[in-house]
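In my numbering, the protein residues as written are -10 to 290.
(1) For the pair the stretch 102 to 111 and the stretch 136 to 147, tell me if three or more CB-CB distances fall below 8 Å.
(2) Can you say whether residue 150 is buried or exposed, counting buried as having 16 or more other CB atoms within 10 angstroms of its CB?
(3) Please check the pair residue 86 and residue 27, which I expect to be a contact at CB under 8 Å, by giving their CB distance rounded to whole angstroms.
(4) Whose C-beta lies closer than 7 Å to the C-beta of residue 91 among residues of the same chain, with five residues either side of it excluded?
(5) With distances taken from CA atoms, which of 188, 206 and 100 is nearest residue 79?
(6) Leaving out five residues before and five after residue 74 in sequence, what residues of the same chain have Cβ atoms less than 8 Å from its Cβ?
(7) Could you pull the start and end residues of the alpha helix (DSSP H) that residue 80 belongs to?
(8) Please confirm whether residue 67 and residue 38 have their CB atoms less than 8 Å apart.
(9) Just to confirm before moving on: does the CB-CB distance between residue 237 and residue 220 stay below 8 Å?
(10) Expressed to the nearest angstrom, what Euclidean distance is found between the alpha-carbon atoms of residue 240 and residue 130?
(11) Where residue 13 and residue 210 are concerned, what is the direct C-alpha to C-alpha distance, given to the nearest angstrom?
(12) Per DSSP, what kind of secondary structure is residue 83 in: helix, strand or coil?
(13) Since residue 136 sits in a beta bridge, which residues does DSSP pair it with?
(14) Using CA atoms only, rank isn't needed, just tell me which of 41, 83, 251 and 244 is closest to residue 144.
(15) Select from 193, 233 and 257 the residue whose C-alpha is nearest the C-alpha of residue 243.
(16) Straight-line CA distance for residue 267 to residue 231?
(17) Return the bridge partner residues of residue 25 from the DSSP annotation.
(18) Spatial neighbours of residue 171 within its chain, please: C-beta separation below 7 Å, excluding the five flanking residues on both sides.
See below:
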């Protein structure tokens, strides 16, 4: 029997054990939890901003940032305390690692020196396994791996989470609540995180690429760039809303706008002629392979 997939309180059949989707959470689990964000780049800042907008107090948050001017700017903007790594891992109940994968090795060394056993570490680092963190950090560290995406910047992230060896359901539920403040969350088996990276992690870039091409087509047809951009971006927003609706199957929606001998079918024929569907599938497969490659060096560490 197929596993179930819970979406917004409803239940659907899921393809594999480990897949669960959750709506934005209520804040009950985080309680008085102190959260430290290690790395205050775009993703780290977006998470802090989302948590504050969801009602968390600045006193419940800490962050690290290696550039003093940037740290001063963020403290002034959000009222969140800037600390060093040692202070963050000692004081926080949940440590969110939001640095680039190439910066992870020295950070893990810093964390290991002061991290109490049993703390919850949430990794937003693409391609890095929970096993890497468990190997480099104190025994018993609870690790949850997350693949977010850049729409976190506007509160519309799609985040996929996977628990490590020591992470229990309560830790996954806490991370779901944490990330629910900046978008939607789904649980996946860690074995599929590279595929998730290719699909939703890189996914926004594919949409941007398509929108760019469609705007260029509008310019070619004589429409001013600003007008073409408005036409295409709003069409994309509307299409996304339709996909989110109860009748949101992409094939059905496409067929509904494709009239016999009409303009849409003429355009789709050209897309099929040039192999756009196959190219998209190949692109996502290539992105998956690259994610595997990027993580291999750390897995073999």
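Glycine included, every Cβ here is placed at the ideal spot set by N, Cα and C.
From a predicted model like this one, the values you see are computed outputs, not experimental measurements.
Looking at the coordinates:
(1) no
(2) Residue numbering aside, residue 150 sits at position 161 when the chain shown is read from its first letter. Buried, since its Cβ has 16 or more Cβ neighbours within 10 Å.
(3) For the purposes of this step, residue 86 is taken as the residue at position 97 of the chain shown. For the purposes of this step, residue 27 is taken as the residue at position 38 of the chain shown. The pair is a contact, with the Cβ atoms about 5 Å apart (cut-off 8 Å).
(4) Residue mapping note: residue 91 aligns to position 102 of the chain shown, counting from 1. Result list for residue 91: empty, nothing under 7 Å.
(5) Translated into the one-based positions of the chain shown, residue 79 becomes position 90. When only C-alpha atoms are compared, the closest one is 100.
(6) Along the chain shown, one-based indexing puts residue 74 at 85. Result list for residue 74: 27, 53, 96, 99, 100 and 103, in chain order.
(7) Reading the chain shown from its first residue, position 91 is the one you call residue 80. It spans 74 to 80 - the alpha helix (DSSP H) in which residue 80 sits, taken as one unbroken run.
(8) In the chain shown, the residue the question calls residue 67 occupies position 78. In the chain shown, the residue the question calls residue 38 occupies position 49. A contact, by the Cβ cut-off of 8 Å.
(9) Within the chain shown, numbered from 1, the residue matching residue 237 stands at position 248. Within the chain shown, numbered from 1, the residue matching residue 220 stands at position 231. Contact flag unset, no.
(10) The sequence position of residue 240 within the chain shown is 251, counting from 1. The sequence position of residue 130 within the chain shown is 141, counting from 1. Answer to the nearest angstrom: the Cα atoms are 45 Å apart.
(11) What you label residue 13 is simply residue 24 of the chain shown in a count that begins at 1. What you label residue 210 is simply residue 221 of the chain shown in a count that begins at 1. Any reading at residue 13 must be qualified, since the residue scores a pLDDT of 41, below 50, and its modelled position is unreliable; the value itself is stated next. Approximately 42 Å between the Cα atoms of the pair.
(12) Residue 83 sits at position 94 when you count from the first residue of the chain shown. Strand, per DSSP.
(13) Within the chain shown, numbered from 1, the residue matching residue 136 stands at position 147. Paired residues: 149.
(14) In the chain shown, the residue the question calls residue 144 occupies position 155. Per the Cα distances, 41.
(15) One-based indexing of the chain shown puts residue 243 at position 254. It is 257 whose Cα lies nearest to the Cα of residue 243.
(16) As a working note, residue 267 is residue 278 in the chain shown. As a working note, residue 231 is residue 242 in the chain shown. Cα to Cα, the separation comes out at about 24 Å.
(17) Along the chain shown, read from residue 1 onward, the residue named residue 25 stands at position 36. Looking at the DSSP assignment, residue 25 forms a beta bridge with 51 and 84.
(18) Here residue 171 refers to the residue found at position 182 when the chain shown is read from its first residue. Result list for residue 171: 35, 36, 39, 141, 144 and 146, in chain order.
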